[in-house]
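Here the protein sequences come in this chain order: C and E. Okay, so the first sequence: first residue is 11 according to my numbering, each after it adds one. Okay, so the second sequence: first residue is 11 according to my numbering, each after it adds one. Even for Gly, the Cβ is constructed at its ideal location relative to N, Cα and C. Notes follow once the structure below has been shown.
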Amino acid sequence: MGKILAVHSYKGGTGKTLLTVNLAAAYANKGKKVCVLDLDFRAPSLQSIFRQEASEYWLNDYLNGACEINKVLFDYTPQCNCNGTMLVGLANPTTEALRDMSAKDRKWEMRALGRLLSLKNTLLNDMELDYLLFDTSPGLQYSSINAIVSADVVLVVSTIDASDVAGTRRMTHELYDLFEKKTGILMNKVPIEFLSSPADRADVHSRFQNTHTLPVLMVIPCFCDVLRAGGSKIFARDEPSHPFTRHVDEIAAKVEKF
Amino acid sequence: MGKSPEKSSAVLLEKIKESLERLNEKMEVFIEIQKQERKQDFVVQDLPEALDVMTLLSLPDHLRKTAVTICKLGHATAEDVAEQTKRARAVESGYLNQLVLMGYLKKERRGRKAYFFVER
């Protein structure tokens with residue numbers, strides 16, 4: 011049985027989307043069957059990364075009950091140059107769709123939770139996918155909590171920003187712990203000078219671990235190359251020997267055993 | 011020809027067991043109603059309209075675990091839920107009936123079994 015991973019964070023701009031896409035690519039490189047879904051309906055972004063600006067059906071339609079999930083997914087395997095399979099489901103990025111999604115009521119959100127939960131059957135059982143990855147909205151949004159409830163593992167991405175760390179700690183007690191989810195923290199964009207030697211890296215890791223009650227799975231340095239690429243590259247596909255890709259591979263291996 | 015005495019007593023015992031099970035479930039509901047009345051802050055008229063994630067977050071821990079399990083299973087008996095939560099069937103039955111009373115879950119009987127579900 012495959013796993014559902016939700017990638018979440020307290021604040022925006024922590025690198026959730028980049029890590030989600032690269033994790034998916036890392037698993038696909040290993041020959042796994044993966045699917046990545048954009049559940050950030052407030053600020054959809056996978057359509058830019060996968061260069062697929064138009065679609066007949068979006069995840070919005072699936073959650074609205076207007077179509078089944080197979081209508082939404084497109085096969086990115088030929089472009090991902092991988093041994094496995096990579097499917098992608100996009101959120102509708104138009105202003106009209108953003109407005110529509112922000113006006114949904116509790117009853118709709120409850121039905122949306124049911125639709126997300128049923129993906130375990132359709133995608134993991136019937137289509138035999140190994141990993142389903144949810145890219146989510148930051149903070150306590152309906153769509154992201156729905157994603158967390160539906161997931162088997164939650165990866166929380168945080169920067170070293172004090173408000174981000176404090177928010178992540180708060181969400182640990184007020185969200186992740188309450189749903190008893192397997193949750194791990196990824197400290198991202200950590201200044202490279204903090205991590206110049208193995209001793210420094212161990213020290214920084216233990217300092218972060220002392221701050222959080224959840225396991226800190228990885229401390230990822232801030233790579234200028236990644237920032238410079240501006241989301242135009244999937245490093246796990248385009249730069250297999252880049253240190254960022256090595257970090258992503260290591261996260262993928264840790265999550266497999268998590 | 012009449013039934014053998016062994017068969018008749020087996021049927022009788024089965025009927026008694028069934029009645030006891032129904033009685034047990036009614037007692038659990040009755041106990042829950044009494045608990046809620048004692049709290050006095052439970053207003054039946056204010057039934058919530060949806061078991062959404064924000065509602066799940068606001069539930070006490072023991073009920074949240076049961077409610078999330080029902081969300082995942084769809085239609086399920088107290089026994090199905092107990093299997094997932096690793097708690098006793100009677101405990102889950104009590105929590106499920108409490109969630110029904112609170113208006114978050116629906117309950118339907120199919121034969122001898124009671125099924126709980128979220129009405130979506």
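- Contact note: V78 (chain E) reaches chain C through V159, F189, using a C-beta cutoff of 7 Å and chain order.
- The Cβ-Cβ distance between R211 (chain C) and V226 (chain C) does not fall below 8 Å.
- Here DSSP, grouped into helix, strand and coil, assigns V110 (chain E) to helix.
- For the pair P250 (chain C) and K199 (chain C), the Cα-to-Cα distance works out to about 19 Å.
- Spanning the alpha carbons of S65 (chain C) and R121 (chain C) requires a straight line of approximately 23 Å.
- With contacts defined as CB atoms closer than 8 Å, V128 (chain E) and L106 (chain E) fail to qualify as a contacting pair.
- When C:Q57, C:K13, C:S216, C:R125 are compared, the shortest CA-CA separation from T104 (chain C) is found for C:Q57.
- Judged by DSSP in its simplified three-state form, R97 (chain E) adopts coil rather than helix or strand.
- Within the DSSP secondary-structure output, V163 (chain C) pairs in a beta bridge with C:L15, C:K192.
- For a cut-off of 8 Å, the C-beta gap from Y37 (chain C) to D140 (chain C) is around 7 Å, short enough to register as a contact.
- Under the 8 Å criterion on CB atoms, L106 (chain E) is classed as non-interfacial with respect to chain C.
- For a Cβ distance threshold of 7 Å, nothing in chain C lies close to K117 (chain E): the least Cβ distance comes to about 18 Å.
- C-alpha of Y186 (chain C) to C-alpha of L28 (chain C): approximately 22 Å in a straight line.
- Residue environment analysis places T193 (chain C) among the buried positions, since at least 16 neighbouring C-beta atoms fall within 10 angstroms of its C-beta.
- Where E260 (chain C) is concerned, the enclosing alpha helix (DSSP H) starts and stops at 253-267.
- Annotation: K96 (chain E) has no Cβ neighbours in chain C at a cutoff of 9 Å; minimum Cβ distance is about 12 Å.
- For T95 (chain C), DSSP records a beta bridge to C:K43.
- In terms of beta-carbon proximity, L61 (chain E) lines the interface with chain C, with at least one pair separated by less than 8 Å.
- The C-alpha of G25 (chain C) is placed about 11 Å away from the C-alpha of P148 (chain C).
- Among the CB atoms of chain C, none fall inside 8 Å of the CB of L109 (chain E).
- Apart from the 5 residues on each side of it in sequence, A239 (chain C) sits with its Cβ closer than 8 Å to the Cβ of F245 in its chain, given in chain order.
- When the alpha-carbon of S112 (chain C) is set against those of C:C77, C:N70, C:D136, the nearest one is in C:N70.
- Between D48 (chain C) and D145 (chain C), the CB-CB gap stays under 8 Å.
- Among the CB atoms of chain C, one or more fall inside 8 Å of the CB of L67 (chain E).
- When the Cα atoms are used, L73 (chain E) and E93 (chain E) turn out to be separated by approximately 16 Å.
- Under the DSSP definition of a beta bridge, E66 (chain C) lacks any partner.
- When 7 Å is used as the limit between beta carbons, I155 (chain C) is near these residues of chain E: V63, in chain order.
- DSSP places L142 (chain C) in the strand class (E or B) of the three-state scheme.
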